[in-house]
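K.L.:
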Amino acid sequence: MRLALFIVCAIAALAPGPRQPVAAQETALAGHARIEDILAKRCVVCHGCYDAPCQLKLSSADGWARGASKQKVYDSSRLEDAPMTRLGIDAQTVPEWRRKGFFDVTASGTGPSVLEQLLRAGRSNIFKLGAPLPEDIEISPLRKNACPMPGETGDYLKEHPQGGMPFAMAPLPEDDYRKLIAWAEDGAPAPPEPKAPADDVLRQLNALEAFFNRQDLRSRLVARFVYEHLFLAHLHLEGDDPRRFFRLIRSRTATGQPPEEVPSRRPFDDPGGPFHYRLVPVDGIILHKEHMVYEIGPERLARYRALFEKDDWQIDTLPPYSTAAGGNPLSTFSAIPARSRYQFLLDDALYFVRSFIRGPVCYGQVAVNVIEDRFWVSFLAPEADLSVTDPSFLEQAIPILELPVAQSDSKITERLESYLRLGPVRYQDFRRARYARKFRDHGGPDYDHIWDGDGRNEDARLTVYRNFSSASVVTGFVGSIPETAWVIDFPLFERIYYNLVAGFDVFGNVEHQLTTRIYMDSLRREGERIFLSFMPAELRKPLHASWYRGPLVSVVNRWGESALDTRSQTDITYETAFPKSEFLSGLLKVPPRLWPETDPINRCRGAACAPADTVAGKLRPLTAQPAPFAKFLPDISVLVVDGEETREVFTLVHDMAHSNVAFIFNEDLRREPENDSVTVVSGQFSSYPNLFFRMPADRVGEFVRLVTEIRSQKDYLDVVAAFGIRRSDARFWESYDLIQEALNARDGIQAGLLDLNRYRDPKALDPIERLLEFTFSVQ
Numbered sequence: 006m007r008l009a010l011f012i013v014c015a016i017a018a019l020a021p022g023p024r025q026p027v028a029a030q031e032t033a034l035a036g037h038a039r040i041e042d043i044l045a046k047r048c049v050v051c052h053g054c055y056d057a058p059c060q061l062k063l064s065s066a067d068g069w070a071r072g073a074s075k076q077k078v079y080d081s082s083r084l085e086d087a088p089m090t091r092l093g094i095d096a097q098t099v100p101e102w103r104r105k106g107f108f109d110v111t112a113s114g115t116g117p118s119v120l121e122q123l124l125r126a127g128r129s130n131i132f133k134l135g136a137p138l139p140e141d142i143e144i145s146p147l148r149k150n151a152c153p154m155p156g157e158t159g160d161y162l163k164e165h166p167q168g169g170m171p172f173a174m175a176p177l178p179e180d181d182y183r184k185l186i187a188w189a190e191d192g193a194p195a196p197p198e199p200k201a202p203a204d205d206v207l208r209q210l211n212a213l214e215a216f217f218n219r220q221d222l223r224s225r226l227v228a229r230f231v232y233e234h235l236f237l238a239h240l241h242l243e244g245d246d247p248r249r250f251f252r253l254i255r256s257r258t259a260t261g262q263p264p265e266e267v268p269s270r271r272p273f274d275d276p277g278g279p280f281h282y283r284l285v286p287v288d289g290i291i292l293h294k295e296h297m298v299y300e301i302g303p304e305r306l307a308r309y310r311a312l313f314e315k316d317d318w319q320i321d322t323l324p325p326y327s328t329a330a331g332g333n334p335l336s337t338f339s340a341i342p343a344r345s346r347y348q349f350l351l352d353d354a355l356y357f358v359r360s361f362i363r364g365p366v367c368y369g370q371v372a373v374n375v376i377e378d379r380f381w382v383s384f385l386a387p388e389a390d391l392s393v394t395d396p397s398f399l400e401q402a403i404p405i406l407e408l409p410v411a412q413s414d415s416k417i418t419e420r421l422e423s424y425l426r427l428g429p430v431r432y433q434d435f436r437r438a439r440y441a442r443k444f445r446d447h448g449g450p451d452y453d454h455i456w457d458g459d460g461r462n463e464d465a466r467l468t469v470y471r472n473f474s475s476a477s478v479v480t481g482f483v484g485s486i487p488e489t490a491w492v493i494d495f496p497l498f499e500r501i502y503y504n505l506v507a508g509f510d511v512f513g514n515v516e517h518q519l520t521t522r523i524y525m526d527s528l529r530r531e532g533e534r535i536f537l538s539f540m541p542a543e544l545r546k547p548l549h550a551s552w553y554r555g556p557l558v559s560v561v562n563r564w565g566e567s568a569l570d571t572r573s574q575t576d577i578t579y580e581t582a583f584p585k586s587e588f589l590s591g592l593l594k595v596p597p598r599l600w601p602e603t604d605p606i607n608r609c610r611g612a613a614c615a616p617a618d619t620v621a622g623k624l625r626p627l628t629a630q631p632a633p634f635a636k637f638l639p640d641i642s643v644l645v646v647d648g649e650e651t652r653e654v655f656t657l658v659h660d661m662a663h664s665n666v667a668f669i670f671n672e673d674l675r676r677e678p679e680n681d682s683v684t685v686v687s688g689q690f691s692s693y694p695n696l697f698f699r700m701p702a703d704r705v706g707e708f709v710r711l712v713t714e715i716r717s718q719k720d721y722l723d724v725v726a727a728f729g730i731r732r733s734d735a736r737f738w739e740s741y742d743l744i745q746e747a748l749n750a751r752d753g754i755q756a757g758l759l760d761l762n763r764y765r766d767p768k769a770l771d772p773i774e775r776l777l778e779f780t781f782s783v784q
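Here is the structure:
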């Protein structure tokens, strides 16, 4: 396998043997680089994540050699866990993948390959350019895919003549198409092996592996703690090539040998024998959705030593590997000082919150509807966190802090009762009592109880966006004052991570998915409750009630939440009648003032706002409230403004309002579209754009006017006709390239390939939908 050979090729490269002339090598490399570039921009944009149609991942040679499968990864109704099909982990050879049900898409055999036939079909059945797709073309990520095997492609195309590749998209640029067809006709050859890393990179890798594989008990526990928190990370070596990344794995083989990854379902599962921690390259094209960067190297190791080696803590026996251990990480790693563990999370708070949101869940509407569409996050300062300052706090709390995965083999009714109701509610009671005592004896919460980023870390203030089936996080407080906010402490931070990341199994059954979602509901409430402790005591209940409105929500509140503390006073003296806004704004004004106090597009006054003659200034009317037009817009629209000398990119975020987010299903019944709003953000940050708008700079004002005048689907379609880039638009691929290039230029290390699986096809409403639209507009 190419991945396994990357490191040892440094040794093989020194051996004598026949070699191509340098010019021939460079020509071959350039040709393959061009094919990989085309694959990235035209194929991987839909075939890169777990929700890739037919599990055909074209992001690496291993992916297209593996082929496709008729088995779905996402199936919310399955009663049994699905077989795991993680590329590069759960099978190592093509024959092994064939035994798992994957079939060839690149071999020609007696005729063109599946891949070639689909590419040619996409070219010969072109949609009407710029028009909506035909009604019988289904583009939902949850659509049922046919997944034709060799020998079935002809029948598939007879039944679905417009089912070629790229599916339901504008035709590929001519040069891209010719090169892809030539590559497919040639059997889709793999690119050459990557170059061996330089000696300084190998030395860094060896030093890191040596650190993680030390054998004293303290070092082994720390290594396990770090691994379980970084197993999904794309590790970037400090000062290295901005596009080279590594993964930390458990391997059967030691440093110097080809790695052999232990294919466990979760990072805390029993490895089944001796293993070594290894760093292996991230192979193939990197998707933005899966790209969670963590810097590592000498400076990081020095930080680890400061966190984990200076305190005099002891351990006599290592904890076992099991789902029970993974279900209560606060117990598993209790020997490591809580301050060290919490500071480890805070040091890279953006990475860890991002891991809740990105990672393996490529389609997550049921998963992410547990959060509001936009909210702000801050963190309790370690000095104010009783789980850090008082050892007895965690000692008493740990028995009631187990996650659902700890009892994954028990009946679902037992898990719902014990871990989704009794545990969270008991912990809420326990935490409320302990902090009430602290506030009584030492004073209530104040601004200095919120972590300040140690005077330099911008991760201390975050904005989380939820965009229907996906989510994003950025540093700072972006947009207008949100409806809700969280304050996260150490026990909450760690349990969210183990519930949504370390303990979540994308191949898990419906029970696992259900209990994970319901438990996350209690964790969201916990973050909201800590935030409420900073509000005036008499306003906590009314503010909480404003977040949980609608039928049956009071029943859910009684079932899943204990009473709020309405007696302990905060030490903050509020000067306005709007303490929520005052507090959140105040967090930007207190030292070290690492974040802008205002948002020049969405939250500003006077000179703090973007000048009216700039593009940003002209977009400001879109953020006004109420915004009756907002409900017609996609979740994420990307706006490209072409100036005479420069080009600007903005994201229009549709913030959907809800009466509450307390239920898993029937989200439409809790929607309050009349309260929707729009946040305008400079640049592109979401992994899944839904629609592009493009215009010259001198038409931005016209665009804004037409958008703010939208009152019906027809009005919206008129805006799309004037400024939108449909899937069938002749400018589609050019516009995508411009947006991707802007993202790459903004941050070469953090950038990844945008995913087009959520790109919409705006259409007119049918008669019943038009009647409903008219009825609601009258009301």
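When you read off a place in the sequence shown, starting at 1, and then add 5, the result is the number in my numbering. C-beta atoms are modelled at their ideal positions from N, C-alpha and C, and glycine is treated no differently. It should be emphasised that the depicted structure is a prediction, and the values quoted were computed from it without experimental measurement.
(1) Closest by CA to I669, which one among A702, P324, V561?
(2) Could you check the C-alpha separation between K62 and G289 for me, to the nearest Å?
(3) Just checking my contact of F660 with T684 at CB under 8 Å: how many whole Å lie between their CB atoms?
(4) Determine the closest residue to L762 out of L147, A354, S65, with distance taken between C-alpha atoms.
(5) Identify whether V560 lies in helix, strand or coil by the three-state DSSP scheme.
(6) What's the gap between the Cα of P767 and the Cα of Q718?
(7) From what residue to what residue does the beta strand (DSSP E) around L242 run?
(8) Restricting to Cα atoms, I'd like to know which of D378, Y432, A386 is closest to L399.
(9) Identify which residue in R522, G449, N211, E533 has its Cα closest to the Cα of P487.
(10) S113 and G192 - do their beta-carbons sit closer together than 8 Å?
(11) Look at the alpha carbon of G244 and the alpha carbon of I341, and state the distance between them as a whole number of angstroms.
(12) May I ask you to list the residues that DSSP assigns as paired with F236?
(13) Determine the DSSP secondary structure at W381, reduced to helix, strand or coil.
(14) Can you confirm whether the region 635 to 653 touches the region 597 to 607 when touching is taken to mean that 3 or more C-beta pairs between the two stretches lie within less than 8 Å?
(15) Report the residue from Y764, L758, A769, V646 whose alpha carbon sits nearest the alpha carbon of H296.
(16) Taking only the alpha-carbon atoms, compute the straight-line gap between G388 and E499 and give it to the nearest angstrom.
(17) On the criterion of 16 or more Cβ atoms from any shown chain inside 10 Å, does A33 qualify as buried, or is it exposed?
(18) Comparing C-alpha positions only, which one of A136, P117, E140 sits nearest to G159?
(19) Please classify L134 as buried or exposed, where buried requires at least 16 other C-beta atoms within 10 Å of its C-beta.
(20) Please report how far the alpha carbon of Y553 lies from the alpha carbon of T521, in whole angstroms.
(21) What are the boundary residues of the beta strand (DSSP E) that Y470 is part of?
(22) I think S392 touches A343, with their Cβ atoms under 8 Å apart; what is that distance to the nearest whole Å?
(23) Determine the burial state of L776: buried for a count of at least 16 other Cβ atoms within 10 Å of its Cβ, exposed for fewer.
(24) Looking only at its chain, what residues have a beta carbon closer than 6 Å to the beta carbon of A195, apart from the 5 residues adjacent to it on each side?
(25) Please give the ranges of any alpha helix (DSSP H) in the region 261 to 349, keeping only runs that are unbroken, at least 4 residues long and fully inside the region.
(26) Rounded to whole angstroms, what's the CA-CA distance from L770 to L722? Just pull it up for me.
(27) Would you check if there are 3 or more beta carbon pairs closer than 8 Å linking the region 641 to 651 to the region 692 to 706?
(28) Looking at the unbroken beta strand (DSSP E) that takes in L94, where does it start and where does it end?
(29) Within its chain, find whatever has a CB closer than 7 Å to the CB of A621; leave out the 5 residues flanking it on each side and keep chain order.
(30) Could you tell me the boundaries of the beta strand (DSSP E) in which L657 lies?
(31) Pick helix, strand or coil for A35, following the three-state DSSP scheme.
(32) In chain order, what residues of the same chain lie with their CB nearer than 6 Å to the CB of A259, ignoring the 5 residues before and after it?
(33) For V658, count neighbouring Cβ atoms within 10 angstroms of its own Cβ and tell me buried if that reaches 16, exposed if not.
(34) Which whole-angstrom value is the C-beta distance of F108 and M154, which I expect to be below 8 Å?
(35) If the criterion is Cβ atoms closer than 8 Å, does the pair I535 and V492 meet it?
(36) Looking at C-alpha atoms only, which residue of S477, F349, H447, Y326 is the closest neighbour of V382?
P.N.:
In terms of the structure at hand:
(1) Translated into positions along the sequence shown, residue 669 becomes position 664. That would be V561, whose Cα lies nearest to the Cα of I669.
(2) For this step, residue 62 is matched to residue 57 along the sequence shown. For this step, residue 289 is matched to residue 284 along the sequence shown. When rounded, the distance between both Cα atoms is 10 Å.
(3) Locating residue 660 in the sequence shown gives position 655, where the first residue counts as 1. Locating residue 684 in the sequence shown gives position 679, where the first residue counts as 1. According to the sequence displayed, residue 660 carries Asp and not Phe. Going by Cβ atoms, the distance from D660 to T684 rounds to 6 Å, so yes, they are a contact pair.
(4) As a first step, residue 762 is located in the sequence shown; it is residue number 757 there, counting from the start. In the sequence under discussion, the amino acid at residue 762 is Asn, which differs from the Leu named in the question. Across the set L147, A354, S65, the C-alpha of L147 shows the shortest separation from the C-alpha of N762.
(5) By one-based count along the sequence shown, residue 560 stands at place 555. The three-state reading of DSSP puts V560 in helix, counting H, G and I together.
(6) Reading the sequence shown from its first residue, position 762 is the one you call residue 767. Reading the sequence shown from its first residue, position 713 is the one you call residue 718. P767 and Q718: Cα-Cα distance of roughly 9 Å.
(7) Numbered from its first residue, the sequence shown carries residue 242 at position 237. Counting along the chain, the beta strand (DSSP E) containing L242 begins and ends at 239 to 242.
(8) Along the sequence shown, read from residue 1 onward, the residue named residue 399 stands at position 394. With distances taken between Cα atoms, L399 lies closest to Y432.
(9) The sequence position of residue 487 within the sequence shown is 482, counting from 1. Taking P487 as reference, the option from R522, G449, N211, E533 with the minimal CA-CA separation is E533.
(10) For this step, residue 192 is matched to residue 187 along the sequence shown. For this step, residue 113 is matched to residue 108 along the sequence shown. A contact, by the Cβ cut-off of 8 Å.
(11) Taking the sequence shown and counting its residues from 1, one reaches residue 244 at position 239. Taking the sequence shown and counting its residues from 1, one reaches residue 341 at position 336. C-alpha separation (whole angstroms): 30 Å.
(12) Along the sequence shown, one-based indexing puts residue 236 at 231. For F236, which the question treats as bridged, DSSP gives no partner whatsoever.
(13) Reading the sequence shown from its first residue, position 376 is the one you call residue 381. Strand at W381.
(14) Cβ pair count under 8 Å is below three, so no.
(15) Looking up residue 296 in the sequence shown gives position 291. Nearest to H296 by C-alpha distance, out of Y764, L758, A769, V646, is L758.
(16) Numbered from 1 along the sequence shown, position 383 holds the residue referred to as residue 388. Numbered from 1 along the sequence shown, position 494 holds the residue referred to as residue 499. The question names Gly, yet the displayed sequence has Glu at residue 388. Taking the straight line joining both Cα atoms gives about 17 Å.
(17) Position 28 of the sequence shown, counted from the start, is the residue given in the question as residue 33. Any reading at A33 needs caution, since the residue's pLDDT is 44, under 50, leaving its predicted position unreliable; the model's value is listed next. Exposed is the call here.
(18) In the sequence shown, the residue the question calls residue 159 occupies position 154. When each option's Cα is compared against that of G159, the closest is P117.
(19) Locating residue 134 in the sequence shown gives position 129, where the first residue counts as 1. Flag for L134 reads exposed.
(20) In the sequence shown, the residue the question calls residue 553 occupies position 548. In the sequence shown, the residue the question calls residue 521 occupies position 516. Approximately 21 Å between the Cα atoms of the pair.
(21) If you number the sequence shown from 1, residue 470 lands on position 465. Boundaries of the beta strand (DSSP E) harbouring Y470: 467 to 472, taken from the DSSP string.
(22) Here residue 392 refers to the residue found at position 387 of the sequence shown. Here residue 343 refers to the residue found at position 338 of the sequence shown. The Cβ separation is near 6 Å, so the contact holds.
(23) As a working note, residue 776 is residue 771 in the sequence shown. The predicted position of L776 is uncertain, since its pLDDT is 47 and thus under 50; no value can be drawn from it.
(24) Mapped onto the sequence shown, residue 195 falls at position 190. A66.
(25) If we require 4 residues or more, the alpha helix (DSSP H) runs fully inside the region 261 to 349 come out as 303 to 313, 328 to 331, 334 to 337.
(26) Sequence index remark: in the sequence shown, residue 770 carries index 765 (1-based). Sequence index remark: in the sequence shown, residue 722 carries index 717 (1-based). Their backbone Cα atoms lie some 10 Å apart in a straight line.
(27) Because the criterion of three Cβ pairs below 8 Å is met, the region 641 to 651 and the region 692 to 706 touch.
(28) Translated into the one-based positions of the sequence shown, residue 94 becomes position 89. The sequence as given places Ile at residue 94; Leu does not occur at that position. Boundaries cannot be given for I94, as no beta strand (DSSP E) includes it and DSSP labels it neither H nor E.
(29) What you label residue 621 is simply residue 616 of the sequence shown in a count that begins at 1. Closer than 7 Å at Cβ, skipping near neighbours: P605, I606, A615, S687.
(30) For the purposes of this step, residue 657 is taken as residue 652 along the sequence shown, with counting starting at 1. For L657, the uninterrupted beta strand (DSSP E) run begins and ends at 652 to 660, by DSSP.
(31) As a working mapping, residue 35 is identified with position 30 in the sequence shown. Low local confidence applies: a pLDDT of 49 at A35 is under 50, so the model's placement there is unreliable, with the coordinate-based value given in what follows. The answer is helix: DSSP assigns A35 an H, G or I state.
(32) One-based indexing of the sequence shown puts residue 259 at position 254. Cβ within range, chain order: H281.
(33) As a first step, residue 658 must be located in the sequence shown, where it is residue number 653. Buried, by the Cβ-count rule.
(34) Here residue 108 is taken as the residue at index 103 of the sequence shown, counted from 1. Here residue 154 is taken as the residue at index 149 of the sequence shown, counted from 1. Their Cβ separation, rounded to whole angstroms, is 5 Å, which keeps F108 and M154 in contact under 8 Å.
(35) Along the sequence shown, one-based indexing puts residue 535 at 530. Along the sequence shown, one-based indexing puts residue 492 at 487. The Cβ atoms of I535 and V492 sit closer than 8 Å to each other.
(36) The sequence position of residue 382 within the sequence shown is 377, counting from 1. Here the closest residue by C-alpha is S477.
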